[in-house]
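Written out below as structure tokens is the structure these notes cover.
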Amino acid sequence: MLCACAWQFAQAGDATRAIAPHLAVFGAAFAAYLLALHAAARLELRGRGLHAALLLALAWRGLLVPAPPLLSDDVYRYVWEGRVQRHGGNPYAWSDRPEAARFAHLRDPAWERMNHRDYTAIYPPLWQLAARATSAVHDSVAAFKVLLVGCEALGWLALLSLLRARSLPEWRVLIAAWSPLALVEIAGSAHLEPAATLFLPLALLALARGRAGAAALALGAGALVKLLPGLVALAWLRRFRPVHALAPLLLAAAATAPFFDAGSGLLRSAQGYAAFWRFNETGFALLTALAGETGAPQLAAVLALLLALGLGWRGVEPARAALAVVAAFLLLGPSSLPWYALWLLPLLVVVEAPALLTLTGTIALAYLALPGWQSGEAWQLPWAWRALEYGPCAAVAAVQGWRVWAKR
């Protein structure tokens, strides 16, 4: 069934105007995924069988790499920003933003399909350097898909080593490798998350081997692709000493140095995102009711920081602490986009959390906002759909909580 669904995703191509059929296939894929995980657990899949399963996961991605992006146009920005850097531009500089005339001679269909062309770059500098290197090899969407699938596969190898270090069953790597969410959002839509999530299992593996400095460096590298690993670092605070901050700081300085001439432009788009972009929020809606539109982002940031620092102070087991931080990011953030749930997958490989695993399936319902948005309506998901999205997760969490309580 998973093979058939992967084939269907590849054949359908751009699904933005066929959301209902896409979600039907995705639902079938997620049901098959849960059954496959159950079978892998019963069979205690390992060795050659597990290797074959991972090769099959790569084959599914091979179907999608040459296909057009399924549900997102973010990858066209990656292509453009890599291209601009190769021609002497700074993607954080206002004068080099996509709609600026300076690089009009570079415009092509990728530029035409880019979103928010009036915004400068939003992603941190290590990703920008990766975009430049990828563009230098091949200036195309497919090249970025290959990069991201490669990061994903490296993440699987890190997870396998982590599972062995923790004496956990190796079949659990399939939680990440066979996930329909990962298939659709990475090989399908080319979201950059695996370039950052790769560093979570690497950091956990370094901690398991007693190498706190390497763990800090891994989290620092991840935060230079997307900021969330920096919050995870706070949740691991008692695992580090002050000297461990030196290498991440040096890496940050080296990665940021090529873009210093943008000045405050380095933060321009990130500030705009925090202030104005809202989508599929849950807990953030309550914070807005309490603190207003302008105060809610600051309150959410404070709560996230307090949670991370509290987890760090208590010395909560690192993978569980990281999973709590990611869950808070999804629930308290002003936007909860489907690909944000990719941050859950490497952690779910080592931590049992059925409610969050459920979310990696139901969060695809957020795409039900697309037809209305394409018709000129607001980019928002009605609460009735959000209830369908989060309700099953809450039900699974309640059942798990009841079972834990009943065992006492």
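In this text, residue positions in the sequence shown follow my numbering: the first is 3, and each later residue adds one. Even glycine gets a Cβ: it sits at the ideal position worked out from N, Cα and C. What you are looking at is a predicted structure, and each value in this text was computed from that prediction instead of being measured.
Beta carbon of residue i nearer than 8 Å to that of residue j
i, j, result
"Leu-66", "Phe-11", "yes"
"Cys-414", "Pro-182", "Examination of residue 414 is not possible in this model, given that the chain is present from 3 through 410 alone."
"Leu-309", "Val-327", "yes"
"Gly-317", "Arg-240", "yes"
"Tyr-94", "Thr-122", "yes"
"Glu-83", "Ala-133", "yes"
"Leu-325", "Ala-357", "no"
"Phe-178", "Val-351", "According to the sequence displayed, residue 178 carries Ala and not Phe. Against a cut-off of 8 Å, the Cβ pair of Val-351 and Ala-178 comes out as a contact."
"Pro-196", "Gly-157", "yes"
"Leu-185", "Trp-62", "yes"
"Ala-412", "Gly-314", "There is simply no residue 412 to check, as the chain begins at 3 and stops at 410 in what is shown."
"Tyr-78", "Arg-115", "yes"
"Ile-124", "Val-151", "no"
"Trp-341", "His-193", "yes"
"Trp-345", "Leu-204", "no"
"Ala-167", "Ala-235", "no"
"Asp-76", "Arg-99", "no"
"Ala-330", "Leu-128", "no"
"Ala-160", "Leu-108", "no"
"Lys-228", "Ala-259", "no"
"Ile-21", "Pro-373", "yes"
8 Å Cβ shell around residue i - same chain, five flanking residues per side excluded
i, result
"Leu-334", "Gly-285, Phe-286, Leu-289, Ala-302, Leu-305, Ala-306"
"Pro-23", "Ala-14, Ala-17"
"Trp-180", "Leu-4, Tyr-35, Ala-38, Leu-39, Ala-55, Ala-59"
"Ala-144", "Val-67, Pro-68"
"Ala-249", "Gly-215, Ala-218, Leu-219, Gly-222"
"Gly-190", "Phe-11, Leu-66, Ala-69, Pro-71, Leu-72, Leu-73"
"Leu-390", "Thr-364, Leu-367"
"Leu-339", "Phe-281, Asn-282, Ala-368"
"Gln-402", "Pro-356, Ala-357"
"Leu-206", "Leu-164, Ala-217, Pro-320, Ala-321, Ala-324, Val-352"
"Ala-293", "Gln-300, Leu-301"
Buried or exposed by the 16-neighbour rule on C-beta atoms within 10 Å, applied to residue i
i, result
"Lys-409", "exposed"
"Phe-146", "buried"
"Phe-262", "exposed"
"Glu-319", "exposed"
"Pro-111", "exposed"
"Gly-224", "buried"
"Ala-343", "buried"
"Ala-386", "exposed"
"Arg-388", "buried"
Residues that residue i bridges to, as DSSP identifies them
i, result
"Ser-337", "Phe-281"
Where the alpha helix (DSSP H) containing residue i begins and where it ends
i, result
"Leu-248", "248-258"
"Tyr-78", "76-88"
"Phe-105", "No alpha helix (DSSP H) contains Phe-105, which DSSP labels as neither H nor E."
"Leu-229", "Looking at the DSSP string, Leu-229 is not in any alpha helix (DSSP H), and its letter there is neither H nor E."
"Val-148", "143-167"
"Leu-202", "201-210"
"Arg-44", "21-45"
"Ile-177", "176-179"
"Leu-347", "347-350"
"Ala-223", "214-225"
"Val-67", "Unbroken run through Val-67: none, as it is neither H nor E."
"Val-139", "127-139"
"Tyr-392", "385-409"
"Thr-360", "356-364"
"Glu-187", "Run containing Glu-187: none; DSSP gives neither H nor E here."
"Ala-6", "4-14"
"Leu-114", "The identity of residue 114 in the sequence shown is Glu, whereas the question assumes Leu. First-last of the alpha helix (DSSP H) with Glu-114: 111-114."
"Leu-239", "Counting along the chain, Leu-239 falls outside any alpha helix (DSSP H), and DSSP gives it neither H nor E."
"Trp-375", "372-376"
Own chain residues within Cβ distance below 7 Å of residue i, not counting five before or after
i, result
"Trp-381", "Phe-281, Ala-371, Trp-375"
"Trp-173", "Ala-42, Ala-43, Glu-46, Leu-47, Arg-48, Leu-52"
"Ser-97", "Arg-104"
"Trp-9", "Leu-65"
"Ala-247", "Ala-218"
"Arg-85", "Leu-108, Ser-137, Asp-141"
"Leu-170", "Val-352"
"Glu-101", "Arg-119, Asp-120"
"Val-148", "Val-67"
6 Å CB neighbourhood of residue i in its chain, flanking five on each side removed
i, result
"Leu-202", "Pro-348"
"Thr-360", "Pro-394, Cys-395, Val-398"
"Leu-253", "Gly-222"
"Ser-337", "Trp-279, Phe-281"
"Gln-87", "Arg-134"
Heavy atom of the ligand PLP within 7 Å of residue i beta-carbon
i, result
"Arg-99", "You won't find the ligand PLP in this model; it holds no ligand whatsoever."
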